[in-house]
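Notes follow the structure.
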Amino acid sequence: MMRRKANNYFVAIAIATLLTAGVAGSMPSLAATLAGADELLLQGKYKEAEENYRELVGEDATGDAYAGLVVSLAKQSWPAKILQAEKLLKEAKGKFSDNPNLIAAGGYVSFVHSKSVASPAKRDLYLDASATLCQRAIDKNINLVLAYQTLGLVRMAQDDFEAAVPPLRKAADLAENCVNLTMLAQALLKLDPKDKTAEELIEKALKLKADYGPAHLQKAVILTSNGKNEEAFMELHNIPDSQRNSEWHTVEGNVLRHQGDGPSALQSWNKANMEDPRNPEPYRQKADYYAIRGDGQLAIAEYHNALEILPNDFSLRDALADLALREDKVDVAEAEYKTILEAKPDDPKALLGLARVGFRKYRKEGAYPPDFSQLMDKLTAVITEQSVTKSISGQVVENGARNLQERIESSEAEKAIAQNRFRDADKIFYGQIEKHRDDPYALINIGDSAYMEGAYKAADKAYAAAKEMSEVSTRAEQGMSKIVNQRNEAARHVKLGDAMLKIPEAAIDHYKQALNADPQSAAAYYGLFDVYAKTDKQDPTQAIDYANRFLESSEDNNPLRKEVEGTLAKLKKRENTGKGK
Numbered sequence: 271m272m273r274r275k276a277n278n279y280f281v282a283i284a285i286a287t288l289l290t291a292g293v294a295g296s297m298p299s300l301a302a303t304l305a306g307a308d309e310l311l312l313q314g315k316y317k318e319a320e321e322n323y324r325e326l327v328g329e330d331a332t333g334d335a336y337a338g339l340v341v342s343l344a345k346q347s348w349p350a351k352i353l354q355a356e357k358l359l360k361e362a363k364g365k366f367s368d369n370p371n372l373i374a375a376g377g378y379v380s381f382v383h384s385k386s387v388a389s390p391a392k393r394d395l396y397l398d399a400s401a402t403l404c405q406r407a408i409d410k411n412i413n414l415v416l417a418y419q420t421l422g423l424v425r426m427a428q429d430d431f432e433a434a435v436p437p438l439r440k441a442a443d444l445a446e447n448c449v450n451l452t453m454l455a456q457a458l459l460k461l462d463p464k465d466k467t468a469e470e471l472i473e474k475a476l477k478l479k480a481d482y483g484p485a486h487l488q489k490a491v492i493l494t495s496n497g498k499n500e501e502a503f504m505e506l507h508n509i510p511d512s513q514r515n516s517e518w519h520t521v522e523g524n525v526l527r528h529q530g531d532g533p534s535a536l537q538s539w540n541k542a543n544m545e546d547p548r549n550p551e552p553y554r555q556k557a558d559y560y561a562i563r564g565d566g567q568l569a570i571a572e573y574h575n576a577l578e579i580l581p582n583d584f585s586l587r588d589a590l591a592d593l594a595l596r597e598d599k600v601d602v603a604e605a606e607y608k609t610i611l612e613a614k615p616d617d618p619k620a621l622l623g624l625a626r627v628g629f630r631k632y633r634k635e636g637a638y639p640p641d642f643s644q645l646m647d648k649l650t651a652v653i654t655e656q657s658v659t660k661s662i663s664g665q666v667v668e669n670g671a672r673n674l675q676e677r678i679e680s681s682e683a684e685k686a687i688a689q690n691r692f693r694d695a696d697k698i699f700y701g702q703i704e705k706h707r708d709d710p711y712a713l714i715n716i717g718d719s720a721y722m723e724g725a726y727k728a729a730d731k732a733y734a735a736a737k738e739m740s741e742v743s744t745r746a747e748q749g750m751s752k753i754v755n756q757r758n759e760a761a762r763h764v765k766l767g768d769a770m771l772k773i774p775e776a777a778i779d780h781y782k783q784a785l786n787a788d789p790q791s792a793a794a795y796y797g798l799f800d801v802y803a804k805t806d807k808q809d810p811t812q813a814i815d816y817a818n819r820f821l822e823s824s825e826d827n828n829p830l831r832k833e834v835e836g837t838l839a840k841l842k843k844r845e846n847t848g849k850g851k
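Using my numbering, the first residue of the sequence shown is number 271, and each one after it goes up by one.
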């Protein structure tokens, strides 16, 4: 991936700074020679640096030469060299177990090794080991740039960009260079492609080094998010071929997609997968592209392909589960959320997702899943605890908090629909539409979610907003067309129900079929209210229920509202009088 090429440069900067500082006072001749080796490392001359460090390890009294040798070996990216680096670490550990530079170098080697193992489980073990070593190094020296950088890289490799931001920010504070600024910007842009701080960081990085490829790559991301697709394409293609790895092809695919060239975008994402099968982003982009195109099954299959290679990528699992809910594949969503919770029992997004599954099942089947009340109690406790933690720490990445808040809103919308509070649900959906009015893909997702919940008013509003944007106009029109078809089918059954009022059982059947087509059909709810309030099938309890649903689903200017409100008041009074007796 592109970020891996970037690492070569910034780790060299870090290790050079650290090693020269470690011995300058007591061993001037060694320090001077060590400085030369460090300079070779900084210039990317890893073989020459290796040879210089090898000459120094015999005289090394601090462990810094060992650290430099370990990193120079790891930078060459050959499996044999990585194994040599690991053997040297074991050898040096007995002599310099407390040297933070050496510990940080060990963290870097573990990170590099994680990219070469075939087993996902082993990869995760190496990443965890790297994070542990980096934290140990930081505990011994809070100004150790290399440790912060590697820790940030590990978190990004784990697809946990929120956790990557703090160490990368610390690295940039300690050493403000183009590499650190770019890496921090990359993490921020993964969380929010329109992050203004990231934009400022990239401008700063390019002022420091105008030809720094990774910074140009992130600038292309920023330009794409601002709708400047042609400029983004030019920015990308100014980067030399030698730097066009997985991350580059991923971004190229995103640019091509925004330019309306879906087939070419797919080709770029496939190239990104070929370059690095463990880069989750191309899978995510392909799945999102298929979903927006209306191929939900293909999108789900793409996520399954990714999870075969990255089974412990819980961000991918969460995205799959969220997509499955939009596609009404409730069992798939439930299974994925439960898998996440097996590993992370207090994950708020997974708990919220499972709550949405419960509300969806209740709406469809009339009953909540077993242990649903315990789930809701736990969800409340976790959300409350997270809110308190965020309030105290003040260190939460804004986009992460915003994303969690949107999940809470989605859960509340499903809860409102399950409780027949259609207007409350619509308010939530309308709020989400306003927040994402400039994001065509988010609008489509909101429309799809509302459509699956039967909230056609909100879905229509989302699709109408998306229709104005060229990237998704066709897809938005398809969504609006589906709503029209469903409403027409509902209207057909309502007419048949109205014609069958003298045979209440037949009328009820048609009204319920209308609700299958349009779950918030005010006309169907009125028909059911009419049957249970006025015919020989009178049932005050059901009449009250359908009257309330009619009032929730009908427009304020519907002429039937006055009649229903009057009859509802009488029914409630009669019911209360009966209870009093």
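We treat Cβ as the ideally placed atom computed from N, Cα and C, and that holds for glycine.
Remember, predicted model here, so these are calculated numbers, not experimental data.
Item to complete: Drop a sphere of 10 angstroms on the beta-carbon of residue 450, count the other beta-carbons inside from all chains shown, and report buried for 16 or more, exposed for fewer.
Response: It is buried - the Cβ of residue 450 has at least 16 other Cβ atoms within 10 Å.
Discussion item. Within a Cβ cutoff of 6 Å, which residues of the same chain sit near residue 843, ignoring the five residues on either side of it in sequence?
Written reply: If we look at residue 843 and ignore the five residues flanking it on each side, it has no Cβ neighbours.
Worksheet item: Hey, quick one: how far does the alpha helix (DSSP H) through residue 543 stretch, first residue to last?
Response: That run of the alpha helix (DSSP H) goes 532-545.
Fill in: DSSP-derived helix/strand/coil call for residue 525
In the structure shown, residue 525 falls within a helical segment according to DSSP collapsed to helix, strand and coil.
Fill in: the stretch 425-437 in contact with the stretch 380-398 per 3-pair CB rule at 8 Å
In this structure the stretch 425-437 touches the stretch 380-398; the number of beta carbon pairs closer than 8 Å is three or more.
Worksheet item: If we call anything under 9 Å between Cβ atoms a contact, is residue 577 one with residue 586?
Response: With a cutoff of 9 Å on beta-carbon distance, residue 577 and residue 586 are scored as near each other.
Worksheet item: Should residue 659 be labelled buried (16 or more other beta-carbon atoms within 10 Å of its own) or exposed?
Response: Summary for residue 659: the model assigns pLDDT 48, below 50, so the residue's position carries little reliability; its value from the coordinates is reported in the next sentence. By the 16-neighbour rule on beta-carbons within 10 angstroms, residue 659 is exposed.
Worksheet item: Just checking, does the stretch 526-544 make contact with the stretch 555-565 on the three C-beta pairs under 8 Å criterion?
Response: Under the 8 Å Cβ criterion, the stretch 526-544 counts as touching the stretch 555-565, having at least three qualifying pairs.
Worksheet item: Residues in its own chain within less than 8 Å of residue 753 by CB, not counting five upstream and five downstream?
Response: Closer than 8 Å at Cβ, skipping near neighbours: 721, 726, 729, 730 and 733.
Worksheet item: Just to confirm, are residue 434 and residue 455 a CB contact at a threshold of 9 Å?
Response: No, they are not a contact pair.
Fill in: Three-state secondary structure assigned by DSSP to residue 315
Under the three-state reduction of DSSP, residue 315 is assigned to coil, being neither helix nor strand.
Discussion item. Could you compute how far the alpha carbon of residue 580 sits from the alpha carbon of residue 551?
Written reply: Straight-line spacing of the CA atoms in residue 580 and residue 551 works out to 11 Å.
Discussion item. Check for me: the alpha helix (DSSP H) holding residue 437 runs from which residue to which?
Written reply: For residue 437, the enclosing alpha helix (DSSP H) covers residues 431-444.
Fill in: Segments assigned alpha helix (DSSP H), at least 4 residues, entirely inside the stretch 325-396
Look at the stretch 325-396 and you find these whole runs of alpha helix (DSSP H), each 4 residues long or longer: 334-345, 349-365 and 370-384.
Practice prompt. Give me the Cβ distance between residue 343 and residue 335, rounded to the nearest whole Å; I'm assuming they're in contact under 8 Å.
Written response: Actually they are not in contact, since the Cβ atoms of residue 343 and residue 335 sit about 13 Å apart, beyond 8 Å.
Fill in: Own chain, CB closer than 7 Å to residue 474, minus 5 neighbours either side, in chain order
Close CB contacts of residue 474 within its chain, under the 7 Å cut and outside five residues either way in sequence, are with 451 (chain order).
Worksheet item: From 602, 768 and 812, pick the residue whose C-alpha is nearest to that of residue 624; which is it?
Response: Its Cα nearest to that of residue 624, the residue 602 stands out among 602, 768 and 812.
Worksheet entry | Between the CA atoms of residue 845 and residue 814 - distance to the nearest angstrom | Whole-angstrom Cα-Cα distance: 10 Å.
Discussion item. Between which residues of its own chain and residue 619 is the CB-CB distance below 6 Å, once the five residues before and five after are set aside?
Written reply: In the same chain as residue 619, and ignoring 5 residues on each side of it, the C-beta atoms closer than 6 Å to its own belong to 588 and 677, in chain order.
Worksheet item: Taking three-plus beta-carbon pairs below 8 Å as touching, is the stretch 358-377 in contact with the stretch 397-416?
Response: Yes, the stretch 358-377 touches the stretch 397-416.
Practice prompt. Take residue 714 as the anchor and find which of 498, 636 and 749 has the nearest alpha-carbon.
Written response: Of the candidates 498, 636 and 749, the one whose C-alpha sits nearest the C-alpha of residue 714 is 749.
Discussion item. Can you check which of these residues, 825, 821 and 826, is closest to residue 839 by C-alpha distance?
Written reply: Just measuring C-alpha positions, the residue of 825, 821 and 826 sitting nearest residue 839 is 821.
Item to complete: Evaluate residue 333 with the Cβ neighbour count: other Cβ atoms within 10 Å of its Cβ, from every protein chain shown; 16 or more gives buried, anything less gives exposed.
Response: Counting C-beta atoms within 10 angstroms of its own C-beta, residue 333 has 16 or more neighbours from the protein chains shown and is therefore classed as buried.
Worksheet item: Whose C-beta lies closer than 7 Å to the C-beta of residue 349 among residues of the same chain, with five residues either side of it excluded?
Response: Taking residue 349 as the centre and dropping the five residues before and after it, the same chain places the C-beta of 386 closer than 7 Å to its C-beta, in chain order.
Item to complete: Using three-state DSSP, classify residue 675 as helix, strand or coil.
Response: In the three-state scheme derived from DSSP, where H, G and I count as helix and E and B as strand, residue 675 is classed as helix.
Practice prompt. Take every Cβ of the stretch 752-771, pair it with every Cβ of the stretch 781-788, and state whether three or more of those distances are shorter than 8 Å.
Written response: Cβ pair count under 8 Å is three or more, so yes.
Item to complete: To the nearest angstrom, report how far apart residue 792 and residue 805 are at their CA atoms.
Response: The alpha-carbon atoms of residue 792 and residue 805 are separated by roughly 19 Å.
Worksheet item: Does DSSP put residue 795 in a helix, a strand or coil?
Response: DSSP places residue 795 in helix when its eight states are reduced to three.
Worksheet item: Do residue 526 and residue 503 have their CB atoms nearer than 9 Å?
Response: Yes, the pair counts as a contact, with Cβ atoms nearer than the cut-off.
Item to complete: Would you please state the rounded distance, in angstroms, between the beta carbons of residue 530 and residue 684? I believe it to be under 8 Å.
Response: Contact annotation, residue 530 with residue 684: C-beta distance approximately 33 Å; criterion of less than 8 Å not satisfied.
Discussion item. Using 8 Å for Cβ pairs, my map puts residue 788 next to residue 760. What's the rounded Cβ distance?
Written reply: At roughly 4 Å, the Cβ-Cβ gap stays under 8 Å, so residue 788 and residue 760 are in contact.
Item to complete: Please look up how many angstroms separate the CB atoms of residue 471 and residue 491, rounded, as I've assumed it's under 8 Å.
Response: Between residue 471 and residue 491, the beta carbon gap of about 12 Å keeps them out of contact (Cβ cut-off 8 Å).
Item to complete: Give the DSSP-derived three-state secondary structure of residue 550 in the structure shown.
Response: The answer is helix: DSSP assigns residue 550 an H, G or I state.
Worksheet item: Any idea what DSSP makes of residue 745, helix, strand or coil?
Response: Correct three-state label for residue 745: helix.
Worksheet entry | Contact set for residue 812: own chain, Cβ-Cβ below 7 Å, skip 5 residues either direction | Same-chain partners within the cutoff: 802.
Discussion item. For a quick check, are the C-beta atoms of residue 724 and residue 633 less than 9 Å apart?
Written reply: Result yes, Cβ atoms of residue 724 and residue 633 sit closer than 9 Å.
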